[in-house]
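Participant:
Chains as they are written, first to last, in the working numbering: chain A, 879 to 1217; chain B, 879 to 1217; chain C, 879 to 1217; chain D, 879 to 1217.
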């Protein structure tokens, strides 16, 4: 029988968009058709967001992106002022990013494997990638420990993730972390379903053992804070990878401002990379034109790209990186609004 | 130019599974291939969950299911003791179910429409379905009003939805509501990303106007409560429509029990109806075999069905309804654990 | 190690639409949304084709439909005058239908299997279905033998398949065959890519051993014959399962008539059941509205259904069967045009 | 109302893989996950095919590839000895390649358009691309004229396409044509469903007006000829874009050799770029492992990439082009076998 070491040999390596000037390639997609042309447009709109002095950029992340080698794409976006706020699923931020910040790794695997054998070896699988569950348990516990040190009150996920950044600043073993970089650069990170990830295990442990007085997670506060950012930012562009809660939550802040009787424009730019289909009527694959009927997204600069993120995200982001319009942007540092 | 009335004419009618004995049809799928055979197996496993005296059933809902005519399928599941706990997206429970409980309707529309015109008329579109946004704003406000009446402390989504059920009991205009029926039958409903829906607007309004002392939403408490239900239930089966947060959250409770050093079995039965693809590595389309590597789902009775829910869910649920094994189940009434 | 018998145990059973009155179920889909509503519309349009005295019906088949248990659906359509011409892939007509006509069977299998082991045992796999390759070789050879008996000249696939029907009439072991029933009922069957299937092996064998004088397959003649049928039929409706060559070929006959300077109407009704996506620009998933730009399909009664065929085809066809409008149709017997 | 000129303004520009050294980008995909990693592997296997002295390469094309800007990718593959035989759908070779060889163009369009208006203007739409139908009719007629000049007998598609190349050599207006380059370089092109495209209209016209003595299309001869090439080539690799008839036909030649009692190896290398899903059991999305159960494809070097072709094909092909292993290949010139 195989041992754990037989499975966990080669580690995932994150792509470095700084090394690949994809501008000529992406521009050659401009006059083609189908998804090449769509990808070009999405890249152009992202670059336009960065060039537009008045536009703040919100990045929405869903899917197992960081375990798949896309973590440093976002690290570079944060470092280079290419994003002003992040809304994500919990798995990306905690199980994958904070996890690597603690010094752990993801491993190259395969989907053609016996999952029962993996379970016996405490190896977790994400399609063709492996995780050492013993590492992941340490990640869970670290969240629990952070809870134990905090004042016992409701927190937005942004507040808590800021504490995780502070933790990595002191104890982290890998500075290539979005949680850490966002902490250093005052880029707020929101995870509206924050208990739905490795962090959830830490919180359950904390609340179970502290039934009377404990840290709680206020997802309404998340929504209020992101709404305040929209009020402060006014003009916004959204860059979505995948759909799910981050897509819906971020689109909704336009309506939330309206509920507070504050007038703000719809998201001026909106791009989404996704393989989700619109024909089941679900949110993830719903078109940005549909979002426009809800008053959330303007239709002048919107583009969906039907492509899997590991291929498309480096092209879209790399295009904007090498265009260099981020060099002239002022830093928003929205996290300072809440300090 | 068209008026709102031109668009909002015909209302969505919910399918009534009680009227269609689909057992012979679904059994004829047994010896076919591809998704017909998979659908038969999923139906059989759901029926086995209901027949298994020791098995508690958790229903996971994602996608625009109730606006599409599937609301009464779940109303009947709750009424007839075919489900013991529900984990859902917010849109289904608030924007669609509670919304109809307040007396509002969804309308038959089309995706071949000018969304800018819809926006001007305050009509929101979900693929081929329309909503009167003025109705939806009343739904938002009602959530805000419920907030205002409550003690100012953190709530799990389950607690808050219980309050919504109580509200419908007094003020509701349509008893065909899952929120209402679950309230009457002590079936707990969890929405782990509860601010990510119409309710979010109510909470933002409430917290904005009550900055110091307000209701907050504790999603960690959600996770703790569902974990307690797993501990109480011990043996469980999960019936998932779509993926997203409800799928992940519900699978995770097995690990949460382990984190609390309590031994419970993996989910013994697991079925999922989805069109999501596994090849992008994201959670929604990830196989139940993959979940088994994480120690969440047993592989003996698991079946994914690649089908859109409006067609497949009435067949799977109708099969189990007409089989009648729910008649012999004891009621769990897990909501009573928290009263 | 397993033997062939271990794998080839349970046989695929074809669904019998006559036994399931799905009218109430399908009508309950009418006022729902998404694919349920689309499926209802497709079923209604198919029924309208049969009710319309002037409309001839062309059925287009692609995908591994008959090995999956849908063969008898089409047998019943032919027997009950619900279809006037068939355009198909070769695999369905030869490898699956003629194959079963010779007395062979398809077996229930699984996709979770070692394909190298299957190959060693001479078992061919179609997703979750098995075929005994030794049976299939006999099917190939039978085609070769039919070739040997025919006059050496170019044949349309329709002509050749008519010979296959005649062969089954004499030597067949299973009367539940579309090739046989179509032969008896003078329903022409076209396979425009006829060498691309089990028949191809028979032809290669025949031509290799008869290099100078042999049967050849004239796919241009196929197109000419179907064009003649369109000229004769004038008003037409098309019912497509899957896309590929049958979809394109059948849509194209409208243009072919125009090329011959004969005026005929576009296909008046058009429905398609498919899971193909439109976003890659390929024909299989292209919308029927797009086909309308080419002057092939009218847009008044067109409906695509995004669903896998094993579930959707019995519902659409069963609806029309139980509606009974086929009882009042005159038989077209287009095959007689070529006798 | 718009005129034709309003729609047909910007032309599709074909990507030039020679200009983009994508090796570093594609190699950075190697240690990522999901489709990036799969794309790297496919690129590597294609390069291995070219490096392997004994391996002949067959390219299979399906989908609207050349109208989308991928034509010159294949022109360069033919010019630079990166492919030894091509199997394609008719639309790519006739409606798109030969069409451009005659001097016509494809135009940038959009799917958000009124197709009835396009039809009135004689503009054909392929998703987001437009064609002037008057140009296309000239293409149809040219095929008809070529028929009229030929000896009246059955032709394989390869023979006929060779005549089309000869025609372009004399009368062509754009040398960037695969039909032309393949003619010059003795690379055979097969279109097994040759009547299913613009050529079909030419053939119908020819046969209608020459009922007694005419050119016919022998698709069995296609299969025999490709089988002879496999016998001559012995070791082969297949590079598939999309599925459909080209995929099946090319995989089948291994079995055809066996039917002739000639021993040849399975296809040693096999890669496929497709968005087709395997869960409907159809050929296009069926895995290469499944093909292995049929004895068609070896599983040592096989890789499917789930990606749309306009993005993925330039990366896979560009990688192999810039690797340069094609420089050391001997030319097969299989077309000479039939001269």
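Here a beta-carbon is modelled for each residue, glycine too, at the ideal position from N, C-alpha and C. Since we're looking at a predicted model, the values are computed, not measured.
Could you tell me whether the Cβ of residue 1188 (chain A) comes closer than 8 Å to any Cβ of chain D?
Facilitator: The count along the first chain starts at 1 and reaches residue 1188 (chain A) at position 310. Chain D contact via Cβ: present.
Participant: Between residue 1062 (chain D) and the rest of its own chain, which residues show a CB-CB distance below 8 Å, the 5 nearest in sequence each way excluded?
Facilitator: Here the question's residue 1062 (chain D) lines up with position 184 in the fourth chain. Around residue 1062 (chain D): 1043 and 1047.
Participant: Give the C-beta separation of residue 971 (chain C) and residue 1057 (chain C) to the nearest angstrom, bearing in mind that I take them to be a contact with Cβ-Cβ under 8 Å.
Facilitator: By 1-based counting over the third chain, the position of residue 971 (chain C) is 93. By 1-based counting over the third chain, the position of residue 1057 (chain C) is 179. Correct: roughly 6 Å between the Cβ atoms.
Participant: Compute the beta-carbon to beta-carbon distance between residue 921 (chain D) and residue 1194 (chain D), rounded to the nearest angstrom, for a pair I have assumed lies under 8 Å.
Facilitator: Taking the first residue of the fourth chain as position 1, residue 921 (chain D) is located at position 43. Taking the first residue of the fourth chain as position 1, residue 1194 (chain D) is located at position 316. At roughly 5 Å, the Cβ-Cβ gap stays under 8 Å, so residue 921 (chain D) and residue 1194 (chain D) are in contact.
Participant: Using 8 Å as the limit for Cβ to Cβ distance, is residue 1167 (chain B) near chain A?
Facilitator: Taking the second chain and counting its residues from 1, one reaches residue 1167 (chain B) at position 289. Chain A, which has a Cβ nearer than 8 Å to the Cβ of residue 1167 (chain B), makes this yes.
Participant: Using a Cβ cut-off of 9 Å, pull out every chain A residue sitting near residue 1173 (chain B), in sequence order please.
Facilitator: Within the second chain, residue 1173 (chain B) is the residue found at index 295, counting from 1. Going along chain A in sequence order, the residues near residue 1173 (chain B) (Cβ under 9 Å) are 997, 1000, 1002 and 1011.
Participant: So is residue 1177 (chain A) in contact with chain E if we call contact Cβ pairs under 8 Å?
Facilitator: Among the chains of the structure shown, chain E does not appear; the protein chains present are A, B, C and D.
Participant: In the region 1121-1151 of chain D, which residues sit with their C-beta less than 7 Å from some C-beta in chain A, listed in chain order?
Facilitator: Answer set for the region 1121-1151 of chain D: empty.
Participant: Have a look at C:1093, C:950 and C:959 and flag the residue whose alpha-carbon is nearest the alpha-carbon of residue 934 (chain C).
Facilitator: Walking along the third chain from the start, residue 934 (chain C) turns up at place 56. Among C:1093, C:950 and C:959, the Cα nearest to that of residue 934 (chain C) is on C:959.
Participant: Where does residue 982 (chain A) sit, in a helix, a strand or coil, going by DSSP?
Facilitator: As a position in the first chain, residue 982 (chain A) is number 104, starting the count at 1. Reduced to three states, the DSSP call for residue 982 (chain A) is coil.
Participant: List the endpoints of the continuous beta strand (DSSP E) containing residue 966 (chain D).
Facilitator: Within the fourth chain, the letter at position 88 stands for residue 966 (chain D). Residues 963-966.
Participant: How far does the beta strand (DSSP E) with residue 1148 (chain C) in it extend, from its first residue to its last?
Facilitator: For the purposes of this step, residue 1148 (chain C) is taken as the residue at position 270 of the third chain. Segment 1145-1152, the beta strand (DSSP E) holding residue 1148 (chain C).
Participant: Do you know how far the Cα of residue 890 (chain D) is from the Cα of residue 977 (chain D)?
Facilitator: Your numbering for residue 977 (chain D) matches position 99 in the fourth chain. Your numbering for residue 890 (chain D) matches position 12 in the fourth chain. Rounded to whole angstroms, residue 977 (chain D) to residue 890 (chain D) spans 13 Å at the Cα level.
Participant: Using 8 Å as the threshold, is the C-beta distance between residue 962 (chain D) and residue 936 (chain D) below it?
Facilitator: If you number the fourth chain from 1, residue 962 (chain D) lands on position 84. If you number the fourth chain from 1, residue 936 (chain D) lands on position 58. Contact: yes.
Participant: Just to confirm before moving on: does the CB-CB distance between residue 1085 (chain C) and residue 1099 (chain D) stay below 8 Å?
Facilitator: Here residue 1085 (chain C) refers to the residue found at position 207 when the third chain is read from its first residue. Here residue 1099 (chain D) refers to the residue found at position 221 when the fourth chain is read from its first residue. The answer is yes: Cβ separation under 8 Å.
Participant: Which complete beta strand (DSSP E) runs does the region 901-959 of chain B hold, if anything under 3 residues is left out?
Facilitator: Within the region 901-959 of chain B, the complete beta strand (DSSP E) runs of at least 3 residues are 934-939.
Participant: Specify, as a first and last residue, the run of the beta strand (DSSP E) that residue 1078 (chain A) falls within.
Facilitator: Walking along the first chain from the start, residue 1078 (chain A) turns up at place 200. It is not in any beta strand (DSSP E) - residue 1078 (chain A) instead sits in the alpha helix (DSSP H) that spans 1076-1087.
Participant: Anything in the region 1064-1097 of chain A with a Cβ closer than 7 Å to a Cβ of chain B? List those residues in chain order, please.
Facilitator: Correct list: 1070, 1071, 1072, 1073, 1074, 1078, 1079, 1081, 1082, 1083, 1085, 1086, 1094, 1095, 1096 and 1097.
Participant: Identify which residue in C:905, C:881, C:1009 and C:913 has its Cα closest to the Cα of residue 1185 (chain C).
Facilitator: For the purposes of this step, residue 1185 (chain C) is taken as residue 307 along the third chain, with counting starting at 1. The option with the nearest alpha carbon to residue 1185 (chain C) is C:913.
Participant: Quick one: list the residues of chain D neighbouring residue 1184 (chain C), beta-carbon separation under 7 Å, in chain order.
Facilitator: As a first step, residue 1184 (chain C) is located in the third chain; it is residue number 306 there, counting from the start. In chain order: nothing, as chain D lies at least about 11 Å away.
Participant: Tell me which residues of the region 900-911 of chain C have at least one Cβ-Cβ distance to chain A shorter than 9 Å, keeping chain order.
Facilitator: Flagged, chain order: 911.
Participant: Of all the options D:1208, D:1210 and D:1198, which has the alpha carbon lying nearest to the alpha carbon of residue 926 (chain D)?
Facilitator: Here residue 926 (chain D) refers to the residue found at position 48 of the fourth chain. Checking every option, the nearest Cα to that of residue 926 (chain D) belongs to D:1198.
Participant: Counting Cβ pairs closer than 8 Å, one from the region 979-994 of chain B and one from the region 939-955 of chain C, do we hit at least three?
Facilitator: Not touching, per the Cβ criterion.
Participant: Classify residue 1207 (chain D) as helix, strand or coil using the three-state DSSP reduction.
Facilitator: As a position in the fourth chain, residue 1207 (chain D) is number 329, starting the count at 1. Of the three classes helix, strand and coil, the one that applies to residue 1207 (chain D) here is coil, per DSSP.
Participant: Alpha carbons only, please: which of B:953, B:1158, B:1059 and B:1152 is nearest the one belonging to residue 1222 (chain D)?
Facilitator: Nothing can be reported for residue 1222 (chain D), as the shown portion of chain D is limited to 879 through 1217.
Participant: Are any of the Cβ atoms in chain A nearer than 8 Å to that of residue 993 (chain C)?
Facilitator: Numbered from 1 along the third chain, position 115 holds the residue referred to as residue 993 (chain C). So, not an interface residue.
Participant: Pick out whichever of B:916, B:1060 and B:1006 has its Cα sitting closest to the Cα of residue 954 (chain B).
Facilitator: What you label residue 954 (chain B) is simply residue 76 of the second chain in a count that begins at 1. Residue B:1060 is the option with its Cα nearest to residue 954 (chain B).
Participant: Within 10 Å of its beta-carbon, does residue 1037 (chain D) have 16 or more other beta-carbons around it, so buried, or fewer, so exposed?
Facilitator: As a first step, residue 1037 (chain D) is located in the fourth chain; it is residue number 159 there, counting from the start. By the 10 Å Cβ count, residue 1037 (chain D) comes out buried.
Participant: Just the C-alpha distance for residue 930 (chain D) and residue 1202 (chain D), rounded to the nearest angstrom, thanks.
Facilitator: What you label residue 930 (chain D) is simply residue 52 of the fourth chain in a count that begins at 1. What you label residue 1202 (chain D) is simply residue 324 of the fourth chain in a count that begins at 1. Whole-angstrom Cα-Cα distance: 13 Å.
Participant: Interface residues of chain A around residue 944 (chain B) at Cβ under 8 Å?
Facilitator: Within the second chain, numbered from 1, the residue matching residue 944 (chain B) stands at position 66. What residue 944 (chain B) touches in chain A: nothing, since even the nearest Cβ is about 11 Å away.
Participant: Flag residue 1181 (chain C) as yes if its beta-carbon sits less than 8 Å from any beta-carbon of chain A, otherwise no.
Facilitator: As a first step, residue 1181 (chain C) is located in the third chain; it is residue number 303 there, counting from the start. Closer than 8 Å: no.
Participant: Tell me where the beta strand (DSSP E) around residue 1117 (chain C) begins and ends.
Facilitator: The count along the third chain starts at 1 and reaches residue 1117 (chain C) at position 239. Segment 1113-1119, the beta strand (DSSP E) holding residue 1117 (chain C).
Participant: When we look at the beta-carbon of residue 1145 (chain A) and count the other beta-carbons within 10 Å, is it buried (16 or more) or exposed?
Facilitator: Here residue 1145 (chain A) corresponds to residue number 267 of the first chain, with the count starting at 1. Buried, because 16 or more other Cβ atoms sit within 10 Å of the Cβ of residue 1145 (chain A).
Participant: Rank D:1064, D:888, D:1019 and D:1071 by C-alpha distance to the C-alpha of residue 1095 (chain D) and give the top, closest one.
Facilitator: For the purposes of this step, residue 1095 (chain D) is taken as the residue at position 217 of the fourth chain. Checked all of D:1064, D:888, D:1019 and D:1071; the closest Cα to residue 1095 (chain D) is D:1071.
Participant: If contacts are defined as beta-carbon pairs under 8 Å, then residue 1074 (chain D) and residue 1123 (chain C) qualify, I think. What distance do you get, rounded to the angstrom?
Facilitator: Your numbering for residue 1074 (chain D) matches position 196 in the fourth chain. Your numbering for residue 1123 (chain C) matches position 245 in the third chain. Yes, they are in contact, since the Cβ atoms of residue 1074 (chain D) and residue 1123 (chain C) sit about 5 Å apart, within 8 Å.
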